Structure formats: structure tokens, C-alpha cells
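In the order they appear, the protein sequences are chains A and B.
When we follow my numbering, the leftmost residue of the first sequence carries the number 1479, and every step to the right adds one.
When we follow my numbering, the leftmost residue of the second sequence carries the number 5, and every step to the right adds one.
Backbone N, C-alpha and C fix where the C-beta goes; we use that ideal spot for every residue, glycine too.
All figures in this text were calculated on a predicted structure; none of them were measured in a lab.
Only one structure is covered here, and it is reproduced in the block below.
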Amino acid sequence: MAIDIAIRIGGEGGEGVISSGDFLMQSAARAGFEVMTFKSFPAEIKGGYALSQVRFSDEKILSQGDGFDIVVCFNEEAYQINKRLLQPGKVLVYDGPGEFEIEPHAGVACYAIPMSHIAKSELGAYISKNMVAMGAVCELFGFPVESLKRSIHDKFIKKSQAVVDQNYAALDAGATYVRDHYGKDPTYSFPAARAAKNVIIVDGNQAIALGATTAGCRYLGAYPITPATSVGIYASKLFPKGDGYVYQAEDEIAGIASTIGASFAGTKAMTCTSGPGIDLKSEMVGLAAMAEIPVVIADIQRGGPSTGMPTQHEQSDLFICAHAAHGDTPRAVIAASNVEDCFYRTIDAFNLAEKYQMPVFLLSDAALSLQVEAMARPDLAKIKIVDRLRYKADGNGERYQRYKVTASGISPMSHPGDRGGTYCATGLQHQENSAPRTSADVCVTMNDKRWRKLDNLEAEIECATEGAAKAKVGIISWGLTQNAVREAMVRMRTEGMEVAALYPKLLFPVPVKAIEVFAARCTTLLLPEANYQGQFAQLIRAATGIDCVRQNIYRGEPFIPKEIIARVKELYA
Amino acid sequence: MIQNILEEKLKPKAYSSDIPSRWCPGCGDFGVTNALSRAFSENLLDQERTVIVSGIGCSSRLPLWMGPYGFHTLHGRALPVAAGIKISHPELDVLVTMGDGDCFSIGGNHYPPVMRRNFDLTAIVMDNHTYGLTKNQCSPTSQVGYPGTLSPVGNVDEPMNVLGLAVANGATFVAQTFSGKPKHVMQMVEAGMKHRGFAFINVLSPCVTFNKLETFEYWKERVVEVPEGHDTSDKIAAWKLSEEGMRGNGLPMGILYQTTRPTYSDQVAMVKEKLHSVPANELDMEAIFDSLTPGRK
């Protein structure tokens, strides 16, 4: 029996909302299901509404979906926030009876589970509340409880068997309450566990750290900033295992400055930050471009401008990443759309940075940073890793020219320690031997050299497309929004609509050829993106003259498939 | 600390690059460059395993004129760039050359943490008490009343006690010298390069073009050798000496403070050891993937 069930858990931050979602996720992957999570919590450490949603399916999950099927409300606030979404067919599980009043919901199965009461009175540990709820969920919907128990065991056995047993007891108490009062829910039912797939379970930021490690990165210099910090946290445990290091710098500038220093010295290096950090790092981006030093800058976007919304989703840093630093500064911008993409696009970012000796931005965002997926285990044999072109002294006594003008614009790079390779890197306009020089011919030659590196960048990263050869509406999207578009495409094509989609990964330089070819297939182009200005739409227009109908949301949440379908249908004539 | 030594001594001239230097004739920074070349030569420094990092300003052009690997970075950012080089490549010898505006003003958020972390760097500030490259504005070390071009009635700010700040911020070697005394500059550079940890050397280096007050002659009359019997391990005594200089009672020349504690490279090595580090290309990614696979450890 095919399943596609989304369970949302809502409650007070710090009450186990997020960990409940994580446990369901882990155990579902053990049980062989496809899973994806969506989380949201406030910028404050304690308190405020927290949300964790897990979607389970037999097939590859494309996006977080349109909403939930089952909502588990740990408190009244969670109920109040979600009650308007309780359409017929959905299921409500809530803390009750007696904790708070619920309104009548036609066609909605409502299960009161006294989570707080059981945890406090029967188990004597309020902290067990979320496990009571999980026990009830397992019993109501036939969720494979053995898989959940194994996940709980693995997590808590490090503390003690007693802690594991305490959690088991809470699960059992929740399940017993359901058996005594309700029995199974008639609508939603999980199939039995099957063989686990060959997956790794990671979130977006962890995938970036893993991708970087795989690409050979061994240095990360950064300053703590939400929602990027966890890239560094993961990397700080990974890099030193392989002779690398994560440096918590004194500020954003020092984060990238030390990264550029490490790369200059010969180590693959990255920094990670969010929008406010990009503002501060901009001058250093120019230095990396001018001195031709490979550097990867991961920007985990959050809501802006200014301090904005540190924990909310937005795709509004494309402009600054495409344009950061004064002067004519070559760089590339790549965006990841899902967790697996975070892994592979990070490797792409390093490959481009190393090959072309320039800054490369990797865009992710707050929602993706927390999204957890069971992604197919990477096959290292199939991953291509590119290293920078190195200088080799040829022994004929010729003086090394660090910025030698070449057809590709790429010059062999020496590292301190290389015999015969000394030079002084500089952000001043310079001639081939790195000596500062502002003569007209040097300015023209060296600008041309640096920008030549971007000429063939589009061919380096594939731009996926799907749909009708001739489409009435063609959708161009980037980053996380691509997931909602992919799911919308499946539904629209099932309906027989003549639609197509283009999924660029390289955003700057704008993949002009792919966009022109795609535009020729489509009567109307739609570009949904989570920012006010239509940033990618504007870049596309500037680069190609092609206008897209813009669909912009800026509410701090990602797109859901049905709002894209609704907009396509308006345009579909 | 110098780690990379040649078997045969090179002449000081061999430590110059083929890029001709372009400072004003008579600039104090020539004295620093010459002292560095001689110190490199005397100590058999292997310049192909050495990096000189600088920021922006007159003095920060120095790595361009010199023979080792160089990185002429951004205004104020030499120290964090050097930190990244040293963390990733502790085997390299790294010197940092900066100006007073560069290090103490725009770079003011970097030198306290880099000192505190005791990076094994030799940091040399060519302190001319003015902004030379932008044609004479007050710097953090300019005296009150200094006629900077952005100060219509002269400098209104108290000058910074940069030696005292270095002592307070955890530098493990703090010295001052004067480019009018090239032999002393060389001694201080040598001592700083031999020091294991963060060596801060402030070089009073006259700007002959703009600073008409603090000339070679002016400073020659006002520098005094650190008194004999000064205990360089005494932090309070070092602070007092730095304060005497600020009060016009002689600008101390010599090593004010020196101590030893673990360098940042030691700390990095400790972290790697605790996490069972293996060479970069021997990292077992499959084992890392295993640890992320549910039910497999």
C-alpha cells in the first residue's frame, strides 16, 4: 500500500517538538520509508512556537508538500495556530482532555491524549511528554514502534539504560492510553517496516560540511551567525580528523580573511555565514577575485534586510552574492535546492573555485539548513574532485609569473614552500609577475584575463529541465523553491497540462544559453522566488532581455506546491 | 619562531624581490626593510618557506619589495590572513608588517584576539604617527594637536598606548625600536623572530614627507633604552615603561615584555590529536558516512 503522510508536531520551543520530529525521521528511515522534515523555531533559545513536520512516502519526496495530514499539538498555542488548517480528512492529536478547549471540526478525527498529565502524574517526569505523544502516534497510525525504539536506544544509551527505559515507559504509556480509549485511526495507517535503504540522514548544513570534507576542504574560518553556525559545528568535528581545522574568528571579516590566507597557503578552504556576514565580507571577496585565490563562501540565507528574521526562510541574498565587492569582480554563485543538493553543490563550488581560482558563493537558506533528508549514500567513486592548477618549476631558471596571461585566464599557482615560486599576492592592479601596475595595457589585459574565466562556466554545471517540448507555461526556479516546483510539475503533468520547468544550479553568471533555449519552448515564463524584488528574474532580464512573470513571496516561509499550481493555472490559457 | 633555515648564508640583498621599492627618499621604512634583510641573512632564513603578510598603507608595500612569499592584503586585515596561513601551515615562518592606522585603527578588532591566541607570528608595525598614503591624517598614535588634514584645529584625540595594549592583550613578546637606529631594529627583529609565540615590535619610523614634528632628530632625542635590570617577565613593569613613554618621559627602546605559553599552533595540534587526526588524504569518508546511516555505527 502506497503512503504519503505528513505529520506536524507543534508546541512550545524546548518541549521536545524538534526532537520528536527527529526521532520519527530516524525511525522511518530505519523502517525503509522515504522521509523529509521541515522545521521552524523562533530565534529565542527558550519558548515561542516551534514546529517540526515529517513527510513519509514510498517514493522520493520532492518537497515538504502543501501541509500536513496529522497534527500533534503539545499545547493550546500550537492548536490555535493550526486549527484553521484542519480541513475534513485531517487528524488532530492534542494534549487533553482538560488542558484546553477545542472547537468542533467537521470531518476531522480528534484524539485527546493527556500527554502532560501522564508525564507528570504517572511517569513523574514532565520531560517525557513528547514520548507519551509519540507512543500515542505509533499506536493510532501503526507507525513502526520497534524502529522508533531502536532510534531512542541509540540516542540515549550513551546516557544510561535507565534513561532508555524511561523513554520506553513513556512510549508504552501513550500507546496504552490509545488502546484503552480509541484503537486504530481508520484513515491513516503506516505499513510494516521493510528493509532500510542505503541512505545517510543529514540536514542541509551537515550536507554542506560533508560535501566540503569530500571535496578536500580542510579549513573553515567563520564567525557564529544564525542559521549558518551549524555548518561550522559539523565541520569542526570532521575537518580535524583529516588534518584540518575550524577557526572561530573574531568577526565576519576575519572569518573570510583567514580562509583566504589558508587557501593562499595551499589548503582548500571555505567560510560560512548568512546575509549580514556577506555584507561584511564583501571587501574580501574582491581581494580573492583580484589576487585569484580560490575560496568558497556558503551563504545560508535568512530573512532580511538588516537583522531581519534570523530563523526564517528567504531567497533574498542573490543580488548581494552576485554583486558583492566594488569594481568588476568575477565570481560564481551556485544554489542548492535540497539536502542532497547541498552535498553535491558544495563539491561543485569547490571544483569551480579551485579550477578558476576565484570566490564561489554557495546559497542555501534557513529552511534548508534544518531540513533533514535520508539521502542516497554518496558513491565516492563517482564524485569528481578538481584541484587548482599548480606551478611546477621547470628548471630553466625562468622567473615565475603568478598571473601569467593564458587563453583560459587560469594561471598556475604556487604555494609558499614551492621552490622557485615566490611572489607577492596583492589586491592592487598588477602585471604578470604580481608587481603593482596601472598602465592602460596592464589594466585591460588583466581585467580581460580574470573575466575570461567566466566565459565557459555555464558548461560546467548542468541545468536540469523537464516537461513539454512546447509548453504554455514554463517555470524557472532556484534554490529551495525548486522542490515545490518539482512537486507541482508532477501534479500538473498528471492533469495533462502542457508545462515545463528549468532548474538552474548556477545562478551567476546567469546561464544564458539554457534560459534562451528554455524560453523558446514556452509561451509564458513564470519565476517564483521567495524575495520581494524578483532578484533572479531581474538578473535574467539583465543578462538575456527575457522577462518572466514574477511570483514573489516574502512571508518567511517556503513556497508550497499548490500556490505555484494556482499561479500557473492563472497564466495557462 | 624561525623554523626554516638554509644550509648556506645568503647576502642581505638576496632577500629583495625584483620589484623596485617606491617609498619617498629618506622614509623610515627603508631602515626597517634593510634591518629585515640583514636579520634574514644572519639567521639563514629560508625565504621560500616564509611569508610576509601586510595590510594597506605605505609600510604595507614592504612584502612587494622583499624576496619571501608575500601577501599584500586589505587595509587592517593582515593579522587574520596571517592567522589562516599559520593555522593551515604551521610549518611556514610568517611575519606581518603593518602601519599604525592599519593595525591599530581599521584593524583594531583583529590584533587583540590574535595576540590573545598567541599565534606564532612576528608582527612589525611601522609607526609614523600619521596616515602617509592618504597624505597626512591623524592616526591612533598621533599626538594631541597633530595637524592632520581632517583635523582643522589639530588632533583632539589622546594617542593610544600601543605597547601597553599589546602587554594587556596577551602578546608574549613586546618590543619597541626606532628606524633611526638600524642595528637596534635588527636586534629586535631577530629577537622577535626567535621568540616562540606572538612577537609585537613597534618601530618608530618617521614619515619624512608629512610628519614634520616627529622627525628622525625628534625621536633620536626622545628614545631611551629599556633600563638595565628591567625584568621582562614582569607585566606590571612593562606596563609602567609603556606609560612613561606616553607621559613624555622617554620612549622605551628594547624588549619590554617576554613570556612563554602555548601558541595557537600548539592548540590546533592538541585539537587534532584529540580527534585522532590522520593525514588529509587518508580521511575515511566511508566511516563518516557509516556514522550517519541509521542503525549502523
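Nearest-angstrom Cα separation, counted from residue j out to residue i
i          : j          : result
Glu-194/B  : Thr-181/B  : 12 Å
Asp-1573/A : Asp-1721/A : 50 Å
Val-1586/A : Pro-1664/A : 12 Å
Gly-1875/A : Arg-1897/A : 11 Å
Tyr-1660/A : Tyr-1589/A : 8 Å
Phe-1634/A : Val-1641/A : 6 Å
Ala-1648/A : Ala-1670/A : 22 Å
Gln-1803/A : Asp-1872/A : At residue 1803/A the sequence reads Ala, which differs from the Gln that was named. The alpha-carbon atoms of Ala-1803/A and Asp-1872/A are separated by roughly 37 Å.
His-1595/A : Val-1569/A : 21 Å
Ser-183/B  : Val-189/B  : 6 Å
Glu-12/B   : Asn-47/B   : 10 Å
Pro-29/B   : Ser-209/B  : 13 Å
Val-1615/A : Val-1532/A : 13 Å
Gly-1887/A : Leu-1984/A : 20 Å
Ala-267/B  : Met-119/B  : Before going on, a small fix: residue 267/B reads as Thr here, not Ala. When rounded, the distance between both Cα atoms is 10 Å.
Leu-1758/A : Glu-2007/A : 25 Å
Leu-1841/A : Gly-1489/A : 30 Å
Proximal residues to residue i (C-beta, below 8 Å), its chain only, five neighbours per side dropped
i          : result
Leu-1563/A : Gly-1545, Phe-1546 and Val-1549
Lys-1538/A : Glu-1512
Secondary structure of residue i, DSSP reduced to three states
i          : result
Cys-1941/A : coil
Gly-1439/A : The requested residue 1439/A is not part of the displayed model; chain A covers only 1479 to 2051.
His-1659/A : helix
Pro-1582/A : coil
Gln-1726/A : strand
Gln-180/B  : strand
Asn-1829/A : helix
Met-1975/A : coil
Cys-62/B   : coil
Gly-1489/A : strand
Val-1838/A : strand
Tyr-2032/A : coil
Arg-1696/A : coil
Beta-carbon proximity list for residue i, same chain, < 6 Å, skipping 5 on both sides
i          : result
Val-148/B  : Asn-159
Cys-1941/A : Pro-1982, Pro-1989 and Ala-1992
Gly-168/B  : Trp-243 and Ser-246
Gly-1781/A : Met-1787, Gln-1790, Glu-1792 and Gly-2034
Thr-1737/A : Gly-1699, Ala-1747, Thr-1749 and Val-1773
Listed by chain order, chain B residues near residue i by CB distance under 8 Å
i          : result
Val-1677/A : Thr-297 and Pro-298
Met-1762/A : Leu-78 and Arg-81
Tyr-1557/A : Per Cβ cutoff of 8 Å: no residues; Tyr-1557/A is ~32 Å from chain B at best.
Arg-1928/A : Near Arg-1928/A there are no residues of chain B at all, since even the closest Cβ is about 17 Å away, more than 8 Å.
Ser-1815/A : Going along chain B, no residue has its Cβ under 8 Å from Ser-1815/A, so there is no contact; the nearest lies around 20 Å.
Arg-1780/A : Chain B residues near Arg-1780/A: none, gap ~23 Å exceeds 8 Å.
Proximal chain A residues relative to residue i, where beta-carbon distance stays under 7 Å
i         : result
Phe-204/B : The premise fails here: Phe-204/B is roughly 17 Å from chain A at the closest Cβ pair, so nothing lies under 7 Å.
Lys-276/B : Pro-1718 and Asp-1721
Arg-53/B  : Pro-1894 and Gly-1895
Per-residue contacts from residue i into chain A (C-beta, under 8 Å)
i         : result
Ser-281/B : Pro-1718, Lys-1719, Gly-1720 and Asp-1721
Leu-14/B  : Residues of chain A passing the Cβ test: none, with the nearest at roughly 13 Å.
Same chain only: Cβ atoms within 7 Å of residue i, ignoring 5 sequence neighbours per side
i          : result
Ile-60/B   : Leu-78, His-79 and Asp-106
Asp-104/B  : Val-129, Asp-131, Asn-132, His-133, Ser-143, Pro-144 and Thr-145
Lys-1517/A : Ile-1496, Gly-1499, Leu-1529, Ser-1530 and Leu-1848
Thr-1745/A : Arg-1696 and Tyr-1697
Per-residue contacts from residue i into chain B (C-beta, under 7 Å)
i          : result
Asp-1729/A : Asn-113
Gln-1504/A : Pro-298
Val-1709/A : The contacting residues do not exist; Val-1709/A stays about 15 Å from chain B at best.
Thr-1824/A : Within chain B, no residue comes near Thr-1824/A; the closest Cβ sits about 14 Å away, beyond 7 Å.
Thr-1737/A : Gly-88
Leu-1765/A : Thr-77 and Leu-78
Under 9 Å by beta carbon: chain A residues contacting residue i
i         : result
Gly-74/B  : Thr-1900, Tyr-1901, Cys-1902, Ala-1903, Thr-1904 and Ser-1912
Pro-266/B : Within 9 Å Cβ-Cβ: nothing; Pro-266/B doesn't reach chain A, min ~15 Å.
Pro-94/B  : Within chain A, no residue comes near Pro-94/B; the closest Cβ sits about 10 Å away, beyond 9 Å.
Phe-293/B : Ile-1678, Leu-1688, Arg-1855, Pro-1856 and Leu-1858
Residue i Cβ short of 7 Å to the ligand COA heavy atom set
i          : result
Ala-1827/A : This structure simply doesn't include the ligand COA, nor any ligand for that matter.
Under 8 Å: do the segment 165-178 of chain B and the segment 199-218 of chain B share three or more Cβ pairs, one atom per stretch? Touching, yes, given that three or more Cβ pairs across the two stretches are closer than 8 Å.
Just checking, does the segment 1693-1702 of chain A make contact with the segment 250-266 of chain B on the three C-beta pairs under 8 Å criterion? Not touching, per the Cβ criterion.
Between the segment 2012-2029 of chain A and the segment 1962-1975 of chain A, do three or more beta carbon pairs fall short of 8 Å? Using a C-beta cut-off of 8 Å, the segment 2012-2029 of chain A makes no contact with the segment 1962-1975 of chain A, since fewer than three inter-stretch Cβ pairs fall below that distance.
Three or more C-beta pairs below 8 Å linking the segment 1611-1627 of chain A and the segment 1501-1511 of chain A: With contact defined as three or more Cβ pairs closer than 8 Å, the segment 1611-1627 of chain A and the segment 1501-1511 of chain A are in contact.
Are the segment 2021-2029 of chain A and the segment 1859-1870 of chain A touching by the rule of at least three beta carbon pairs closer than 8 Å? A contact between stretches requires three or more CB pairs, one per stretch, nearer than 8 Å, and the segment 2021-2029 of chain A fails this requirement with the segment 1859-1870 of chain A.
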